[in-house]
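What follows is a single structure, written as structure tokens, with notes after it.
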Amino acid sequence: MSTAAPFVPGPEHREVVFLTGSGLSARTGLGTFRGPEGLWALEPETEQAMHASLLPTSLPQLWAVWGRMASIALAHGPTPGHRAIARLGAPVITQNVDGLHQAAGSEVVAELHGSALHAVCLGRRCDWRAVLAPGEGSSPEGHGVPGHCPRCGEPTRPDVVLFDEQLPSAELELAMRLAQRADLFVVVGTSGVVFPAAQLAPLAREHGATTVLVDIAPPHGSSELFDHVLAEDAHEVLPAWERRVHRVGGTSFLDPFGA
Ligand SMILES: [Zn+2]
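For what it's worth, full-length UniProt numbering labels the leading residue of the sequence shown as 1, then goes sequentially.
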């Protein structure tokens, strides 16, 4: 905890961009993937299935894992942090695949790791995509999508980026554009010291942004990467920012008195 006055957005911050990770969704029951309590640690065979080299054999396991995640996300809905970000009207770059930013009402969302709420075609040059109706089990039909692509007949798969797969280039380009135009770049629920946060936050800073990490337990070294590190709960910090903005009636951080 810092003893100085905590950082709050000011009138100079007109282009706020968030970068979010699994920590923001942790209280939904989705958990985080890494760390001692993470999904990978609990189910090592699940981590194994996340390697692209195991496709298409791993498809049943992928449908089970990501279909379940989609079910949990839809049942729980967005957290106070997701809602505050949406009400701030800020674009979001996210590593999450749970669709909760869109569910909260965020309009511009760069999904760097894809979406567990969508199915795509395993055929690399086919652009078929469909929304899941997530249910139970390890078959695509159990999650409301056909097992084979209606366009080309290849198997379908969850639209989630696996290990050894490239990040979707359009989403990555959007993320870089957002980072470059931000004047306040806020990282929430991801360590901030690994890709993509470790590249995007410095990119934003190079282009003039103030960078902030909100993390209840900031990782070692984060104070060198960010202008401000708030060791606080994002579900309290972000709604407080949002109330502050809306108390002064503006759509950006126009608060000349620093109330
Ligand atoms: Zn296809």
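Beta carbons are placed, not taken as given, at the ideal position from N, Cα and C, and that holds for glycine.
Where residue i falls: helix, strand or coil (DSSP)
i       : result
Glu-171 : helix
Ala-5   : coil
His-118 : strand
Pro-11  : coil
Ala-133 : coil
Arg-157 : strand
Trp-128 : coil
CA-to-CA distance, residue j to residue i, given in whole angstroms
i           : j       : result
His-82      : Gly-105 : 9 Å
Phe-185     : Gly-153 : 43 Å
Leu-162     : Ala-86  : 27 Å
Glu-107     : Gly-89  : 8 Å
Leu-54      : His-228 : 41 Å
Cys-126     : Asp-183 : 38 Å
residue 260 : Glu-47  : In the structure displayed, the chain extends from 1 to 259; residue 260 sits before or after that span and is not available.
His-246     : Ala-133 : 35 Å
Val-8       : Asn-96  : 25 Å
Glu-165     : Ser-191 : 21 Å
Ala-5       : Gln-199 : 28 Å
His-235     : Val-187 : 13 Å
Arg-157     : Gly-135 : 15 Å
Ala-78      : Leu-203 : According to the sequence provided, residue 78 is Pro. The question's Ala does not apply to it. One C-alpha to the other measures close to 28 Å.
Where residue i falls, given that 16 or more other Cβ within 10 Å makes a residue buried
i           : result
Ser-169     : exposed
Gly-99      : buried
residue 278 : Lying before the first or after the last residue shown, residue 278 is absent from the chain, which here runs from 1 to 259.
Thr-57      : exposed
Val-120     : buried
Beta-bridge pairing of residue i - partner residues as DSSP gives them
i       : result
Ala-110 : Ile-93
Leu-62  : According to DSSP, Leu-62 bridges with nothing at all.
Val-16  : Leu-184
His-51  : Phe-163
His-148 : Pro-155
Complete runs of the beta strand (DSSP E) confined to the region 162-234 [at least 3 residues]: Assignment of beta strand (DSSP E) within the region 162-234, counting only whole runs of 3 or more residues, yields 184-188, 210-214 and 228-230 in chain order.
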